[in-house]
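Asks: Attaching a single structure in structure tokens format; questions to follow.
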Amino acid sequence: MKILILGGDGFCGWPTSLYLSKVGHEVVIADNLSRRQIDVLLAVESLTPIASIDERLASWKKQTNKSISYVELDVAQEYDKLLEVIKNVKPDAVVHFAEQRSAPYSMKSPKTKRYTVDNNVNATHNLMCALVESGSDAHVVHLGSMGVYGYGWSGSAPIPEGYLPVTIDTPDGSLVREILHPANPGSVYHLTKTLDQLMFAFYAKNDQLRVTDLHQGIVWGTQTSETLLDEALINRFDYDGDYGTVLNRFLMEAAIKRPLSVHGSGGQTRAFIHIKDSVRCIEIALNNPPKKGDKPKIFNQMTETYTVKELAELIAKLTGAKIEYVTNPRKEDDQNDLVVENQQFLALGLSPTTLSDGLLVEIEQIAKKYAKRIDQSKIPAKSTWNRTIKLTKQ
Ligand code: NAD
Ligand code: USQ
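Position 320 of the sequence shown, counted from 1, bears residue number 320 in the working numbering, the numbering being contiguous throughout.
Now the structure itself:
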């Protein structure tokens, strides 16, 4: 397949691009490098020393003799250029990672809230519009989020894969309909993912675009077989208060003997998936597109659930780290149930990497190895969800 990867320089996009190139697809990356620019603005760097996009691509060519093309493109702002790229590349599929992905960054200030909405909503809508205008039949695989469902809305009932059957009483009896699971976003970032879903539903219905939306959990792990081939191919690892996700942050804190920063009581249950499985799921989704005229296909892309407290205890046991319960900067339930259906990927051959398989590698080969690069002033999570939340000093 010829695959256009929007956001292919990012944490999920880079290993996905390499893997799809390795297995024989023709890969074109489009990225505006905004994630690297946000690091500059926040004065922070990935824990792992990531190479420039040019160095990355040159190294891939040297290691494998395979070429990945790159075009610098702002999907949200440069509609005409996006249209030209789609017309020239003529992709069979487009994988869409090109969004601002941090919930804390999206809640940091009015400016970052507005940037997140402008960037994410425009990027998705521009893609839909350009596919229609160009007459392309490319299958869109979008990275959405488990957070579109919210947490705890349905108690201990399993979260279905996107669609919920509902029964409506009418004067002539009851009707059973399938609706998108009610959206219940917990941040401006998650709000944009719920808006993406509606755009996909509309364009699938109106223009018969073929869309798969992957409701992904928190991705952990850093390296894949491809990123391990050379230091210049290494994947990014975010640890700072805005972009570091919970497991990365605990691993990094343990590596420098800093207490693990559990927000609130740590009773929040979240869904997780290893980066290798995330890449594999995208391949499975690419190989199983919806038919023209179908509603968007939705998969829950996660393999395990843990409470934040369980994660901290697991890492504390492996590393001897202490745990600190800090004021939660977010407005979120202190505890929630989370039971998720993920049968579709398992039925299509996904064989998950569990936390017990991969955690030691992350501790030894990433967190400890690069611990000297940690800037401790960037660790505290300072973006609060509203003005009533007052943080204690960390
Ligand atoms: P990332 O920030 O590392 O990568 C996103 C990439 O998209 C970056 O390279 C960035 O420069 C690019 N980008 C952003 N806006 C763009 C625009 N307007 N035009 C062109 N390029 C643009 O994030 P990630 O962790 O790789 O996440 C990728 C996708 O997966 C996101 O949509 C995110 O919401 C979703 N996701 C991520 C996780 C996770 O745990 N990392 C979990 C669930 C879903
Ligand atoms: N948390 C802590 N301590 C920390 C950091 C986080 O206790 O130092 C807690 C948070 O309060 C939250 C949980 O850990 O309850 C998860 O936070 P996170 O930052 O790891 O993940 P989240 O904000 O949900 O976002 C991440 C990605 C996002 C993706 C989402 C998938 O950044 O792109 O969409 O995971 S999901 O959570 O399933 O919606």
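Glycine included, each C-beta is placed from N, C-alpha and C at the ideal position.
Looking at the ligand NAD, does it come within less than 7 Å of E99, judged from the CB to the closest heavy atom?
Replies: Checking the Cβ of E99 against the ligand NAD gives yes.
Asks: Which residues does DSSP list as the beta-bridge partners of Q335?
Replies: According to DSSP, which records beta bridges pairwise, Q335 is partnered with G267.
Asks: A93 and V395 - do their beta-carbons sit closer together than 8 Å?
Replies: This structure does not reach residue 395, given that the chain is present from 1 up to 394, and the question cannot be answered.
Asks: Counting C-beta neighbours from all protein chains within 10 Å, is the total for V296 16 or more, i.e. buried, or is it exposed?
Replies: Inspection of the sequence shows that residue 296 is occupied by Pro rather than by Val. Buried is the call here.
Asks: Kindly confirm or deny that the stretch 264-281 and the stretch 365-382 touch, where touching means at least three C-beta pairs closer than 8 Å.
Replies: No: the two stretches stay apart, fewer than three of their Cβ pairs being nearer than 8 Å.
Asks: Would you say the beta carbon of S383 comes nearer than 7 Å to a heavy atom of the ligand USQ?
Replies: Every heavy atom of the ligand USQ is 7 Å or more from the Cβ of S383, so no.
Asks: Rounding to the nearest angstrom, what Cα-Cα distance links G395 and V166 in this structure?
Replies: Here the chain comprises residues numbered 1 to 394, so residue 395 is not present and cannot be evaluated.
Asks: How many angstroms separate the CA atom of Q344 from the CA atom of E283?
Replies: Cα-Cα distance, rounded: 13 Å.
Asks: Taking the alpha carbon of D277 as the reference point, which residue from V28, C12, E45 has its own alpha carbon closest?
Replies: When only C-alpha atoms are compared, the closest one is C12.
Asks: Would I389 be called buried (16 or more neighbouring beta carbons within 10 Å of its own) or exposed?
Replies: With fewer than 16 Cβ atoms within 10 Å of its Cβ, I389 is classed as exposed.
Asks: Span of the alpha helix (DSSP H) holding A123?
Replies: Counting along the chain, the alpha helix (DSSP H) containing A123 begins and ends at 110-134.
Asks: Smallest Cα separation from M302: which of A254, P352, T64, P104?
Replies: Checked all of A254, P352, T64, P104; the closest Cα to M302 is P352.
Asks: Confirm the yes/no value for this check: CB of V71, any heavy atom of the ligand NAD, distance under 7 Å.
Replies: No; taking the cut-off as 7 Å, the Cβ of V71 has no heavy atom of the ligand NAD nearer than that.
Asks: How would you call Q100, buried or exposed, if buried means at least 16 neighbouring beta carbons within 10 angstroms?
Replies: Burial call: buried.
Asks: Which term fits A271, buried or exposed, when burial requires 16 or more other beta carbons within 10 angstroms of its beta carbon?
Replies: Buried, by the Cβ-count rule.
Asks: Mapping the DSSP letters down to three states, classify W385 as helix, strand or coil.
Replies: If DSSP states are grouped into helix, strand and coil, W385 belongs with coil.
Asks: Return the Cβ separation of N126 and Y70 in integer angstroms, given the expectation that the two are a contact with Cβ distance under 8 Å.
Replies: At roughly 19 Å, the Cβ-Cβ gap does not stay under 8 Å, so N126 and Y70 are not in contact.
Asks: Which residues share a DSSP beta bridge with I179?
Replies: In DSSP, I179 forms a bridge with L164.
Asks: Regarding Q216 and the ligand NAD, is the C-beta to nearest heavy atom distance less than 7 Å?
Replies: Yes, since a heavy atom of the ligand NAD falls inside the 7 Å radius drawn around the Cβ of Q216.
Asks: Where does T16 sit, in a helix, a strand or coil, going by DSSP?
Replies: Helix, per DSSP.
Asks: Please go through the same chain and pick out, in chain order, the residues whose beta-carbon is closer than 6 Å to the beta-carbon of M1, but skip the five residues on each side of it.
Replies: Same-chain partners within the cutoff: H25, D92, A93.
Asks: Rounded to whole angstroms, what's the CA-CA distance from D294 to Q208? Just pull it up for me.
Replies: In a straight line, the C-alpha of D294 is about 7 Å away from that of Q208.
Asks: Please list the terminal residues of the continuous alpha helix (DSSP H) segment that includes A312.
Replies: 308-319 is the extent of the alpha helix (DSSP H) around A312.
Asks: On the three-pair Cβ rule with 8 Å, is the stretch 144-164 touching the stretch 222-232?
Replies: No, they do not touch.
Asks: How would you write the range of the beta strand (DSSP E) that D213 sits in, first residue to last?
Replies: 211-216 is the span of the beta strand (DSSP E), which, as asked, contains D213.
Asks: Which first and last residues belong to the beta strand (DSSP E) in which S145 is found?
Replies: Element bounds for S145: 139-145.
Asks: Let me make sure I understand the geometry here. Which of N122, D213, T194, K331 has the alpha-carbon closest to that of P104?
Replies: Of the candidates N122, D213, T194, K331, the one whose C-alpha sits nearest the C-alpha of P104 is K331.
Asks: Hey, quick one: how far does the beta strand (DSSP E) through K2 stretch, first residue to last?
Replies: Element bounds for K2: 2-6.
Asks: In terms of residue numbering, what span does the alpha helix (DSSP H) encompassing V95 cover?
Replies: It is not in any alpha helix (DSSP H) - V95 instead sits in the beta strand (DSSP E) that spans 93-96.
Asks: Between which two residues does the beta strand (DSSP E) containing F345 stretch?
Replies: Not the beta strand (DSSP E): F345 falls in the alpha helix (DSSP H), residues 343-347.
Asks: Got a sec: does the ligand USQ put a non-hydrogen atom nearer than 7 Å to the Cβ of H96?
Replies: No, since every heavy atom of the ligand USQ falls outside the 7 Å radius drawn around the Cβ of H96.
Asks: Mapping DSSP to helix, strand and coil, what is F237?
Replies: Correct three-state label for F237: coil.
Asks: Using the C-alpha atoms, what's the distance from R249 back to P329?
Replies: Straight-line Cα distance between these residues: approximately 15 Å.
Asks: Give every residue of the same chain whose Cβ lies closer than 6 Å to the Cβ of F200, excluding the five residues on either side of it in the sequence, and list them in chain order.
Replies: Cβ within range, chain order: V211, D213, P296.
Asks: Which residues share a DSSP beta bridge with H39?
Replies: In the sequence as displayed, the identity of residue 39 is Asp instead of His. DSSP, once it has assigned bridges, lists no residue as partnering D39.
Asks: N386: which of V44, A58, M128, G186 sits nearest, CA to CA?
Replies: For the residues V44, A58, M128, G186, the minimum Cα distance to N386 belongs to G186.
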